[in-house]
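What follows is a single structure, written as structure tokens, with notes after it.
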Amino acid sequence: MRIVLCYPVLDHHIKQIQAAAPDAEIVAAEQSEIDELLPTADIFIGHAKVPVDWDRVLKAGRLRWIQSSAAGLDHCLVPGVIDSDIPVSSASGLFAPQVAEQTFALLFGLLRKLPQFFRAEAARDFTRLPTDDLRGKTVGIVGMGGNGRMIAKMLAPWDIRLIATDYYPVDKPAELDELWESDRLDQLLSESEIVILTLPLNNNTLGLFDDDRFAKMPDRSYLINVARGSVVKEAALVRALQSGKLAGAGLDVTEVEPLAATSPLWDNPNVIITPHVGAQSFSRVDDSTHLACVNLRRFLAGEKPYNLVDKRLGFPHPSVVYQGMGETTRSDRDDQ
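In structure tokens, the structure reads:
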């Protein structure tokens, strides 16, 4: 059995994976090699950031399982893989604390007008400007996967009304005042002064936030996107900001990445842009390897891996989402 890795592993990560699958051949591939090596893989662990000829991979007939090192799966959920019997599992929720921290950075930066103050600081201008508050507002979270749930948990103490929508509105967290089905999105938008996007990218969410959706939000509301850039149409977002419909936007992702140097978003003082770093973590590769080892042992034992996705939807059901390093069993931690 050959396991092909494609994420920035070090020697000790490879040893951990080897310990989880002692009889396997482990191949650590660079991005430049992954297209060539994937047809030889029985198991793929990682994230291909370069074009892959998935038809050639499927024709080889060897691949048995994909464990993505990312939550987003558009790098591998091509039509051929979706239609195949190859199971795919994701890193959904693995970096929820980091995404939540990024959300807070963007949100408070907007509310406390940090972009304007940074510009004033650069000009040595010590002038007070009006700021905004989080307390007392209604915050709507769109998508209650691992990231959405962590954000709700961290927001709960702030004396706000907290509502959310999700494709699977089950197991409502105690922190939420309301959890609705995704078809009530427009109601959430109309009631939320702050909207936080944590939904996956799929055919249903591509370009979901357009002129009509922004029109449903209250005047002078805020948008935070820590999901996928393509769920928001950039031109519509620019119009909502320029018209004053939105008071601000915090964007860790953009419709096209990298964001074009000519985009009006760069110069808008009510926008904070970070370059898709929400899931970055000092321990990212360690945690990715831990999950890979947990799931590898489960897969080899004939058990379903955590985060097994519905390939048509592009995300896992909440009941199979990995609950994190602190909530695994002792046997799951044996790779540490």
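Under this note's numbering, read the sequence shown as residues 62 to 397, first letter to last.
Where is the CB? At the ideal position from N, CA and C, for every residue including glycine.
All figures in this text were calculated on a predicted structure; none of them were measured in a lab.
Apart from the five residues just before and just after residue i, which ones in its own chain have a Cβ nearer than 6 Å to its Cβ?
i, result
"Leu326", "Val332"
"Leu66", "Ala89, Ile106 and Gly107"
"Leu190", "Lys174 and Gln177"
Can you round the beta-carbon distance between residue i and residue j to whole angstroms, since I take them to be within the 8 Å contact cut?
i, j, result
"Ile95", "Val113", "6 Å"
"Leu195", "Thr226", "With a Cβ gap of about 20 Å, Leu195 and Thr226 do not count as contacting."
Taking the alpha-carbon positions, what's the residue i to residue j distance?
i, j, result
"Ala81", "Leu357", "7 Å"
"Thr259", "Val160", "9 Å"
"Ala288", "Leu171", "18 Å"
"Gly305", "Asn329", "11 Å"
"Leu167", "Ile285", "7 Å"
"Ser291", "Phe169", "24 Å"
"Glu252", "Arg274", "13 Å"
"Lys76", "Val346", "13 Å"
"Val256", "Asp193", "15 Å"
"Glu364", "Leu138", "22 Å"
"Pro100", "Phe360", "20 Å"
If you run the structure through DSSP and keep just helix, strand and coil, what is residue i?
i, result
"Phe169", "helix"
"Asn286", "strand"
"Ala181", "helix"
"Gly107", "strand"
"Val402", "What the structure shows of the chain is the stretch from 62 to 397, and residue 402 is not part of that stretch, so it cannot be assessed."
"Gln341", "coil"
"Leu71", "coil"
"Phe360", "helix"
"Phe270", "strand"
"Phe376", "strand"
Mind checking which residues open and close the beta strand (DSSP E) that includes residue i?
i, result
"Thr226", "Arg222 to Asp227"
"Gly309", "Leu307 to Leu312"
"Leu240", "Glu239 to Glu242"
"Ala89", "Glu86 to Ala89"
Enumerate in chain order the residues of its own chain whose CB-to-CB distance from residue i is below 8 Å, with the five nearest sequence positions on each side excluded.
i, result
"Gln92", "Cys67, Ala109, Lys110 and Val111"
Hey, could you find the ends of the alpha helix (DSSP H) residue i is sitting in?
i, result
"Ile333", "Not the alpha helix (DSSP H): Ile333 falls in the beta strand (DSSP E), residues Val332 to Ile334."
"Ile147", "No alpha helix (DSSP H) holds Ile147; DSSP gives it neither H nor E."
For residue i, which residues from the same chain have a beta carbon less than 7 Å from its beta carbon, with the 5 sequence-adjacent residues on both sides left out?
i, result
"Tyr229", "His378 and Pro379"
Return yes when the C-beta of residue i is under 7 Å from any heavy atom of the ligand GDP, and no when it is not.
i, result
"Gly363", "As presented, the structure is devoid of all ligands, the ligand GDP included, so that no description of it is given."
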